[in-house]
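Accompanying notes for the structure given below.
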Amino acid sequence: MSQKSHTNTTVAVVGNPTSNKGKGARVSGQVLDLLREAGRRHGFDVIDVTGASFDESLSNARLRGDEYDYLVTVGGDGMVALGVNAVGCSGKPLGIVAIGSGNDFARGLALPVNRVETAVDGIVGAIVRGTHVDVDLGFVESLPGDHAGGSDAGMPDVAGDSVDSPKPPEVDGIDRYYAGMLSCGLDASINDRANHSHLPNGSLRYFAAVLVELTHMKRYGYHVKATLADGSVEERDIVSPLLTVANSRHIGGGIEVSPYSRFSDGLLDLVWFDHMPNFAECVDAVSRAYDGRLLGSRVFGWKRVRGIEITRAAEGDEPPVLMADGEYVGRLPVRVSVRNRSLRVLVPPVVAESLSADDGNQVLEVIKRDGRDPLTGEFLE
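Okay, here's the thing in structure tokens:
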């Protein structure tokens, strides 16, 4: 595409100044400098909308939306969550400088991870050339009933260290978008443990949390009412250690919990433990975690859904606080739905071309390889 003048165009940047003893502020400053230099060349302005906390930054990004044409987040998946909830469903493009512990959403889009200058170059190129992709979002909201939980608990960490050991504050209800996964069971407990870990590397913290949490799994009680891909409705109890409603594939710095997920198919993927796994099944699942073959294990249930209501079942343990994109969001009961192609993301041309060429056939082959029926999610033998 031809380049054009971007006079009267403004790019807003939001970072995390409190993370990792000030490293987040330094990285945000670097991004601002790089973007302002590019803005002088290409004719766009740059403003900083970062606040003193997650909530203040999100409020700034929302209230000042009329002042900018593009929003750039600097940090990990938590900062992506902030950006998603600032510009989701608005048509305003989001640029991502992925400098965090997980970077799972950026990883799924093949964006640069922990490479500041490369990420900024890609964002500038996308602005100048007008290249982007429109991807789905999950939307989670509270259902009527007793619930308590947290939203946006503390600033997410740009370098992966949880400085203040975030805890979910009490809120009146849930009303938010997410780009990656809504974690409702073991995956939320793992994420919470990783948040409080003092290990130096984000992926290492998550993997260590997986090993610990697998040793004392609970049987959480869920009642689900799911609208499936074909429009039919299925209602059942699921008593299980794990329940995830995924929009993207990765969690925890590259673990492919939902390898069949596609960003623009208008569907979410429900993944759960079909039964309480024994030791051998846990070892098998861990061995498959990074190679895209996790759902080939018969310990997992899987279905594609358009939406789902999740409430408490009569039996089973109380599920933990739910987490979306690594951020605490609240407790059951909730309704989850998909917002088709409602987030516009700035990407380099090669990424835009690759995603536009994705017709689903590659994922279909993976599902068949794993021995599942693509329509029902059941194993064929």
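In terms of the UniProt record's numbering, the sequence shown opens at residue 1 and continues consecutively. All residues carry an ideal CB built from backbone N, CA and C; glycine is no exception. Since the structure is predicted, the reported quantities are computational estimates derived from the model, not experimental observations.
DSSP state of residue i mapped onto helix, strand, coil
i           : result
Asp265      : coil
His275      : coil
Asp370      : coil
Asp337      : The identity of residue 337 in the sequence shown is Ser, whereas the question assumes Asp. Note: Ser337 maps to strand in three-state DSSP.
Tyr206      : helix
Arg293      : coil
Ser183      : strand
Ala352      : helix
Gly154      : With a pLDDT of 38 at Gly154, under the threshold of 50, the predicted position of this residue should be treated as unreliable, though the coordinate-derived value follows. Coil, per DSSP.
Leu364      : helix
Ala229      : coil
Glu381      : coil
Leu242      : coil
Ile174      : coil
Arg236      : strand
His147      : The predicted position of His147 is uncertain, since its pLDDT is 48 and thus under 50; a value taken from the coordinates is nonetheless stated next. Three-state result, His147: coil.
Leu199      : coil
Val257      : coil
residue 388 : In the structure as shown, the chain starts at 1 and stops at 381, and residue 388 therefore has no counterpart that could be examined.
Under 7 Å between C-beta atoms of residue i and residue j
i           : j      : result
Val363      : Arg293 : no
Lys218      : Asp317 : yes
Gly15       : Val80  : no
residue 389 : Thr244 : Outside the shown range of the chain, which is 1 to 381, sits residue 389, and nothing can be said about it.
residue 414 : Gly95  : Only positions 1 to 381 of the chain appear in the structure, and residue 414 is not among them; the question remains open.
Gly126      : Val347 : Inspection of the sequence shows that residue 126 is occupied by Ala rather than by Gly. Taking 7 Å as the Cβ cut-off, Ala126 and Val347 qualify as a contacting pair.
Val31       : Val84  : no
Gly88       : Tyr178 : no
Leu332      : Val305 : no
Ile174      : Gly360 : no
Leu302      : Gly377 : The displayed chain sequence assigns Trp, not Leu, to residue 302. Cβ atoms of Trp302 and Gly377: closer than 7 Å.
Chain-order list of residues whose beta-carbon lies under 7 Å from that of residue i (same chain, five-residue window excluded)
i      : result
Ile367 : Tyr260 and Pro374
Asn191 : Ser183, Met323 and Gly326
Glu381 : Gly371
Neighbourhood of residue i by C-beta, 8 Å cutoff - its chain only, sequence neighbours within 5 removed
i           : result
Thr50       : Val13, Val14, Gly15, Asn16, Pro17, Ser28, Ser57 and Asn60
Asp370      : Arg293, Leu295 and Gly296
Arg288      : Leu294, Gly296 and Ser297
residue 385 : Only positions 1 to 381 of the chain appear in this structure, which leaves residue 385 out of reach.
Same chain, Cβ closer than 6 Å to residue i, neighbours up to 5 away in sequence not counted
i      : result
Glu235 : Lys225
Val233 : Thr227
Gly108 : Ser248, Arg249 and His250
Ser337 : Phe139 and Gly307
Tyr206 : Ala194, Gly252 and Gly253
Leu355 : Val133
Next on the checklist: At 4 residues or longer, what runs of the alpha helix (DSSP H) sit wholly inside the UniProt domain "DAGKc" (6–144)?
Outcome noted: Segments of the alpha helix (DSSP H) lying fully in the UniProt domain "DAGKc" (6–144): 23–42, 54–63, 77–87, 104–108 and 116–129.
Next on the checklist: Which runs of the beta strand (DSSP E) at least 3 residues long sit entirely within the region 299–345? Give them in chain order.
Outcome noted: 300–312, 322–324 and 327–330
Next on the checklist: Within 8 Å, do at least three Cβ pairs link the region 132–140 to the region 262–271?
Outcome noted: Result yes; three or more Cβ-Cβ pairs closer than 8 Å.
Checklist entry - Would you call the region 87–94 and the region 28–48 in contact, with 3 or more CB pairs under 8 Å? => result With a cut-off of 8 Å, the region 28–48 and the region 87–94 do not count as touching, because too few Cβ pairs lie within range.
Checklist entry - Using 8 Å as the Cβ pair cut-off and three pairs as the minimum, do the region 316–331 and the region 268–277 touch? => result Counting C-beta pairs with one atom in each stretch, the region 316–331 and the region 268–277 have fewer than three that are closer than 8 Å, which means they do not touch.
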